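For the protein sequence lines, the chains are B and S, in the order given.
First residue of the first sequence: 1, per our numbering; consecutive thereafter.
First residue of the second sequence: 1001, per our numbering; consecutive thereafter.
Every residue gets a Cβ at the ideal spot worked out from N, C-alpha and C, and that includes glycine.
Being a predicted model, the structure only gives us computed values, none of them experimental.
Comments concern the structure below.
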Amino acid sequence: MAIRIAVKVNGRAQVHDVEPRLLLVHYLRDVLSLTGTHVGCETSLCGACTVLLDGQAVKSCTLLAVQADGADITTIEGLARDGQLHPVQEGFWEEHGLQCGYCTPGMILAGVALLNENPNPSEADIRRAIAGNLCRCTGYQHIVNAIQSAARKLKQKSRKKS
Amino acid sequence: MIPRGFDYFSPQTLEEALALVAEHGAEAKLLAGGHSLLPMMKLRLAAPGVLIDLGRISDLRAIREEGEQIVIGAMTTHAEIEKSGLLRRRAPLLAEAAAEIGDVQVRNRGTLGGALAHADPAADYPAAVLALDAELTLVSQRGTRTVAAQDFFVDLLTTALEPGEILTEIRFAADGPRTGSAYLKLHQPASGFAIVGVATRVQLDSKGKCEATAVGVTGVAPKAYRATQVERALKGKALNERIIAQAAGKAAAGVEPLSDLHASARYRKAMAEVFTRRALALALERARRRQ
Ligand SMILES: Cc1cc2nc3c(=O)[nH]c(=O)nc-3n(C[C@H](O)[C@H](O)[C@H](O)COP(=O)(O)OP(=O)(O)OC[C@H]3O[C@@H](n4cnc5c(N)ncnc54)[C@H](O)[C@@H]3O)c2cc1C
Ligand code: FES
Ligand code: FES
């Protein structure tokens, strides 16, 4: 049984016939070749596979591609605009928010989801927002700093606009 | 970690879903948020031949007031319950429990109906729906029936759901005056599930004495339960720290606590007492603020 799905990934429309058991993370990596979304634990625990589904952070290893039919999906590849990194990506770069980089795409998307909903997060808000993302390298402090730095940048940007 | 192959249906209405469930029988499993079922399917602990996805039935996803009652559709996510202004205002206990579930990603996908139907002994909602005296609506092609939360949880991972039935909504009374509630949880540090979770609702009478309390406990026994001995010990009393502490000593009376590598039976029993005491004290404080 193959099911036709139509999704928008990083702004581009995609239509594919998929097996119902295909996990969203495998659809992104193997069908669309978007390998920026990582597979860590495969057991819903580490958050390395986090993507945005209609703006919300989800673990793409615990979602069938067919469940995402009709959805708007953002992966790490979809954050930069016109060669300009997203402020959360810049924050991770400037504040040393990564070491090996394995958790980074998921962490960044969890950070983006947080800032979309809450532009002024406290440190506790940030730690709560990344509680579903494990990092074995950084000890988390630099990740928190990176998201704080991104929050400041986004505020400056919106001030400039208004 | 790939599930066994299956056929997939995504009905748009409850009627279509009920027809599919009836047609496919025991071979089929309902899919809600998938955050208990898909992990089990990936480990091949479950291998249904047919999945019926409730995710497209928008009628099942809502939080509304009906007079003094709150009604929540089974497909409402943990995140929607956590952030509901209506619940925060009129009956915050379930929202407080939802906020304690897993992590952001889990709360964005997992649903109330899925969590209740799964009936994990360490899940958070069961304690809250017991303390709220919630009623669950179960629908099949044979008809609709209402089951009290007390009768819904039957045993470890076992509920009163019969083959062919879908849990569609739960309902409970909004908090009245002089009522306060609290959910407190001891997290298992790795999984985040409850080693002990205690949901309480305290209602005071016009003189400030205890009119009624409800205490739901999860994590301790094979199924969540009401600590009725605690409730009886408090009824009619002018509540204070000492009386609450004494009553909380009965939090695990009559139950045989679970024992596993995360917590021994003795530890669970001790923590049931501690968290019952703290949850009652917090609910009392909140009830007094709503005089
Ligand atoms: C990393 C992680 C951490 C978690 N931490 C916690 C935690 O701290 N506390 C907690 O309580 N839970 C926790 N959970 C479980 C989570 O809350 C699940 O969302 C929940 O247990 C199941 O809900 P679901 O919507 O995902 O259901 P599904 O997984 O889709 O379904 C679960 C079961 O219920 C059945 N079912 C679903 N909907 C219905 C319905 N309407 N009528 C009849 N049967 C139905 C399904 O057939 C299946 O058997 C965690 C899960 C993960 C992956
Ligand atoms: S790979 Fe999805 S949570 Fe770890
Ligand atoms: S940077 Fe290595 S796991 Fe986070």
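Review point. Do B/LEU134 and B/CYS41 have their CB atoms nearer than 9 Å?
Key: yes
Check your understanding: For S/ARG1064, which residues does DSSP report across the bridge?
Key -> S/VAL1071
Review point. Quick one: does S/ASP1103 have its CB under 9 Å from some CB of chain B?
Key: yes
Exercise for review: Quick one: residues in its chain with C-beta nearer than 8 Å to the C-beta of S/ARG1226, no 5 flanking neighbours on either side, listed in chain order?
Suggested key: LEU1130, ALA1131, GLN1150, ALA1214, VAL1215, GLY1216 and VAL1217
Review point. Can you round the beta-carbon distance between S/LEU1258 and S/PRO1121 to whole angstroms, since I take them to be within the 8 Å contact cut?
Key: 7 Å
Exercise for review: Please decide whether S/GLY1085 counts as near chain B, where near means a Cβ-Cβ distance under 9 Å.
Suggested key: no
Review point. Does the segment 135-143 of chain B come close enough to the segment 1009-1019 of chain S to have 3 or more Cβ pairs within less than 8 Å?
Key: no
Review point. Looking only at its own chain, which residues have a Cβ that is under 6 Å from the Cβ of S/PHE1152, when we skip the five neighbours before and after it?
Key: LEU1136, THR1159 and ALA1160
Point to revise | For review: beta carbons within less than 6 Å of any heavy atom in ligand 2 | key: B/VAL39, B/GLY40, B/CYS41, B/GLU42, B/SER44, B/LEU45, B/CYS46, B/GLY47, B/ALA48, B/CYS49, B/LYS59 and B/CYS61
Check your understanding: Which runs of the beta strand (DSSP E) spanning at least 3 residues fall entirely within the segment 1120-1178 of chain S, listed in chain order?
Key -> 1135-1140, 1143-1148, 1153-1155 and 1166-1173
Review point. Measuring CB to CB, does S/ARG1178 end up less than 9 Å from S/LEU1204?
Key: yes
Practice item. Tell me whether the beta-carbon of B/ALA129 lies closer than 9 Å to the beta-carbon of B/PRO119. Key: no
Exercise for review: Using a cut-off of 9 Å between C-beta atoms, extract the partners of S/PHE1193 located in chain B.
Suggested key: Here the premise fails: no neighbours, minimum Cβ distance about 12 Å.
Check your understanding: Using the rule of at least 16 other Cβ atoms within 10 Å of the residue's Cβ for burial, across every protein chain shown, is S/ARG1268 buried or exposed?
Key -> buried
**Study point:** Whole-Å CB distance - B/ILE143 paired with B/GLY97, under 8 Å assumed
**Key:** 5 Å
Check your understanding: Given a limit of 8 Å on CB to CB distance, which residues of the segment 10-22 of chain B reach chain S?
Key -> GLU19, PRO20 and ARG21
Check your understanding: Quick one: which chain B residues come within Cβ less than 9 Å of S/ILE1002?
Key -> ARG21, LEU22, LEU23 and HIS26
Review point. How far does the beta strand (DSSP E) with S/ARG1201 in it reach, from first residue to last?
Key: 1194-1204
Check your understanding: Can you list, in chain order, the residues of the segment 32-59 of chain B whose Cβ is nearer than 7 Å to any Cβ on chain S?
Key -> GLU42, THR43, SER44, GLY47, THR50, GLN56, ALA57, VAL58 and LYS59
Check your understanding: Closer than 9 Å, CB to CB, is B/MET1 near chain S or not?
Key -> yes
Review point. What number of angstroms, rounded off, separates the C-alpha of B/VAL15 from the C-alpha of S/ALA1251?
Key: 55 Å
Check your understanding: Can you tell me the Cα-Cα spacing of S/ALA1097 and S/TYR1183, whole angstroms?
Key -> 6 Å
Exercise for review: Please list the residues of the segment 1037-1052 of chain S that have a C-beta atom closer than 9 Å to any C-beta atom in chain B, keeping them in chain order.
Suggested key: LEU1038, PRO1039, MET1041, LYS1042, LEU1043 and LEU1051
**Study point:** Same chain only: Cβ atoms within 6 Å of S/ASP1053, ignoring 5 sequence neighbours per side
**Key:** SER1010 and LEU1031
Practice item. Figure out for me which residue from B/GLN56, B/ARG29, B/CYS103 and B/ALA151 has the closest Cα to the Cα of S/VAL1104. Key: B/GLN56
**Study point:** Candidates S/ALA1074, S/LEU1045, S/ARG1064 and S/PRO1048: closest to S/ARG1056 by CA position
**Key:** S/ALA1074
Review point. Which runs of the alpha helix (DSSP H) fall wholly inside the segment 98-145 of chain B and span at least 4 residues, in chain order?
Key: 104-117 and 123-129
Point to revise | Other residues of its chain near B/THR104: CB distance less than 7 Å, five sequence neighbours each side excluded | key: PHE92 and LEU98
Exercise for review: Please confirm if S/HIS1035 has its CB atom under 9 Å from at least one CB of chain B.
Suggested key: yes
Review point. Mind checking if B/LEU79 is an interface residue toward chain S, Cβ cutoff 9 Å exclusive?
Key: no
Review point. Start and end of the beta strand (DSSP E) containing S/TYR1008?
Key: 1007-1009
**Study point:** Short CB-CB distance (under 9 Å) between B/THR62 and chain S
**Key:** yes
Review point. B/THR4 lies in the beta strand (DSSP E); which residues open and close that run?
Key: One detail in the question is off: residue 4 of chain B reads as Arg in this sequence, not Thr. First-last of the beta strand (DSSP E) with B/ARG4: 3-9.
Check your understanding: According to the neighbour-count rule (16 or more other Cβ atoms, all chains shown, within 10 Å of its Cβ), is S/SER1058 buried or exposed?
Key -> exposed
Check your understanding: Using 8 Å as the threshold, is the segment 1271-1291 of chain S in touch with the segment 1236-1245 of chain S, meaning 3 or more CB pairs across them?
Key -> yes
Review point. Can you list the residues of chain B that S/VAL1106 reaches, using a CB-CB cut of under 7 Å?
Key: GLY132
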